[in-house]
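S.K.:
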Amino acid sequence: MAHDHDHEHEHDHGGDDGHGHDGDRAHDREAVEAEARRQLALAQIRQYGDPVLRLKANEVTAFDDDLRRLVERMTALMHDAQGVGLAATQVGVLRRLFVFEPDEDGPRALVNPVLVEQADETASDSEGCLSLQGVRVPVERPVRAVLEGKDENGGDVRLELGEYAARVALHELDHLDGVLIIDRTDDEHRKEALGVLRPRVVLG
Ligand SMILES: [Zn+2]
Numbered sequence: 130m131a132h133d134h135d136h137e138h139e140h141d142h143g144g145d146d147g148h149g150h151d152g153d154r155a156h157d158r159e160a161v162e163a164e165a166r167r168q169l170a171l172a173q174i175r176q177y178g179d180p181v182l183r184l185k186a187n188e189v190t191a192f193d194d195d196l197r198r199l200v201e202r203m204t205a206l207m208h209d210a211q212g213v214g215l216a217a218t219q220v221g222v223l224r225r226l227f228v229f230e231p232d233e234d235g236p237r238a239l240v241n242p243v244l245v246e247q248a249d250e251t252a253s254d255s256e257g258c259l260s261l262q263g264v265r266v267p268v269e270r271p272v273r274a275v276l277e278g279k280d281e282n283g284g285d286v287r288l289e290l291g292e293y294a295a296r297v298a299l300h301e302l303d304h305l306d307g308v309l310i311i312d313r314t315d316d317e318h319r320k321e322a323l324g325v326l327r328p329r330v331v332l333g
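Okay, structure coming up:
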């Protein structure tokens, strides 16, 4: 899932005029490098139109170094891409796991996730996706959810998630079943999103 940028980047420049200041130059350079890393990460994440995004991922059976390396790689990509979640499907690996970081508790991996409980109450909020760049659509999700699965070492995990964390986790769980946010929004927003996602003609 992509980050909501609307509330960011407003706290950096304080009261100064933003010109010719060493701190600002360092900050600008940091921002340029972060953007370069974000673009590099996005180039490694499967984008809408790639058929792999529509496939159902398979249960993980081996909790080995290969799996742990995949979790490390996905966590790094999620950070670089400035997302709050990333499913293995999005890196072209059809295994049932995702990483997410919905809060300050640090990144977590959930392997073979199963939705075991969800609130009847739902809420609608705007979601983006690292595989659907430029799209944000309202998606209705349960306001609480309990997911069970394993960590990357095979240990049991049970996550009791509040509204935002549940939203992120259920978005990632959808990816493992080939489901995207445009499938979960209303017709009007789906139509608008498909307009944005329509493959662009490249000239030259
Ligand atoms: Zn997504």
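In the numbering used here, the protein residues as written are 130 to 333.
A virtual CB, placed ideally from N, CA and C, is assigned to each residue, including glycine.
Bear in mind that the values here come from a model prediction, so they are computed numbers and not experimental data.
1) Quick one: which unbroken beta strand (DSSP E) runs of 3-plus residues sit fully inside the stretch 281-305? Chain order, please.
2) How many Å lie between residue 342 and residue 189 at the Cα?
3) Return no unless some Cβ of chain C is closer than 7 Å to the Cβ of residue 180.
4) Roughly how many angstroms separate the alpha carbons of residue 171 and residue 233, rounded to a whole number?
5) Rounded to whole angstroms, how far is the Cβ of residue 246 from the Cβ of residue 275, which I believe are closer than 8 Å?
6) Residues around ligand 1, please: the condition is that the C-beta lies closer than 6 Å to some non-hydrogen atom of it.
7) Using 10 angstroms around the beta-carbon of residue 403, count the other beta-carbons present and answer buried if the total reaches 16, otherwise exposed.
8) Buried or exposed for residue 173, please, with buried defined as at least 16 other CB atoms from any protein chain shown within 10 angstroms of its CB.
9) Under 7 Å between the Cβ atoms of residue 279 and residue 228?
10) Using the beta-carbon count (16 or more within 10 Å), is residue 186 buried or exposed?
11) Mapping DSSP to helix, strand and coil, what is residue 240?
12) Using the beta-carbon count (16 or more within 10 Å), is residue 283 buried or exposed?
13) Does DSSP classify residue 82 as helix, strand or coil?
14) Compare the beta carbon distance of residue 273 and residue 211 with 7 Å and say whether it is the shorter of the two.
15) Looking at the strands, I want to know which residues DSSP matches up with residue 247.
16) Do you know whose CA, among 311, 204 and 297, lies nearest residue 264's CA?
17) Taking the alpha-carbon positions, what's the residue 271 to residue 151 distance?
18) Report the partner residues of residue 131 according to the DSSP bridge assignment.
19) Are the CB atoms of residue 321 and residue 216 nearer to each other than 7 Å?
20) Spatial neighbours of residue 175 within its chain, please: CB distance less than 8 Å, with the 5 preceding and 5 following residues excluded, ordered by chain position.
M.R.: Quick look at the numbers:
1) 285-290
2) With the chain covering only 130 through 333, there is no way to say anything about residue 342.
3) Here chain C cannot be found, since the structure has a single protein chain.
4) 23 Å
5) 4 Å
6) 130, 258, 259, 260, 300 and 304
7) No answer is possible for residue 403: the residues shown for the chain start at 130 and end at 333.
8) exposed
9) no
10) buried
11) strand
12) exposed
13) Because the chain in this structure spans residues 130 to 333, residue 82 falls outside the shown range and cannot be described.
14) no
15) 274
16) 311
17) 47 Å
18) 212
19) no
20) 181, 182, 218, 219, 220, 221 and 260
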